[in-house]
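Just so you know, the sequence shown maps onto residues 467 to 556 in our numbering.
Ideal Cβ positions, reconstructed from N, Cα and C, are used throughout, including at glycine.
Following: one structure in structure tokens, then a few remarks.
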Amino acid sequence: MIDMKVETGPTLTAGAFNVTFGQFEKVSEAVVVMDGPQVADYAFEVLTSIATNVVTVTVKKMQISAVNTWGNAVTADVAAKKFTVVAKGL
Numbered sequence: 467m468i469d470m471k472v473e474t475g476p477t478l479t480a481g482a483f484n485v486t487f488g489q490f491e492k493v494s495e496a497v498v499v500m501d502g503p504q505v506a507d508y509a510f511e512v513l514t515s516i517a518t519n520v521v522t523v524t525v526k527k528m529q530i531s532a533v534n535t536w537g538n539a540v541t542a543d544v545a546a547k548k549f550t551v552v553a554k555g556l
């Protein structure tokens with residue numbers, strides 16, 4: 467079974483937020499797409515992890531003009547962004 471949820475302007479805790487797919491006993495795969503305005507001089511990385519039926523989305527950012535500065539995104543950076551989470555599960 468496949469389901470999709472949309473999260474708009476998520477509240478981040480340490481650069482992460484959770485999406486629960488209650489209709490699944492277990493999520494086997496998840497894909498996240500981030501949409502929204504760019505933040506000048508920054509690139510974003512979107513990571514996922516799965517625990518039972520909860521998909522945790524972690525957002526990190528890197529300043530393009532700096533060297534090796536990966537850190538957690540702050541809420542203001544993704545407040546206007548929309549995240550679409552597509553999950554496959556049982």
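If I follow the unbroken beta strand (DSSP E) through ALA482, where does it start and stop?
First-last of the beta strand (DSSP E) with ALA482: 482-486.
Decide if VAL544 is buried, meaning its Cβ has at least 16 other Cβ atoms within 10 Å, or exposed.
Looking at its Cβ environment, which holds 16 or more other Cβ atoms inside 10 Å, VAL544 is buried.
Looking only at C-alpha atoms, which of THR486, GLY488, THR541, PHE549 sits nearest to LEU513?
Selected option, being the one with the closest Cα: PHE549.
Helix, strand or coil, according to DSSP, for THR535 in the structure here?
Assignment of THR535 by DSSP, reduced to helix, strand and coil, places it in the coil class.
Selected residue, minimal CA-CA separation from GLN504, among TRP536, GLY555, ILE530, VAL521:
Selected option, being the one with the closest Cα: ILE530.
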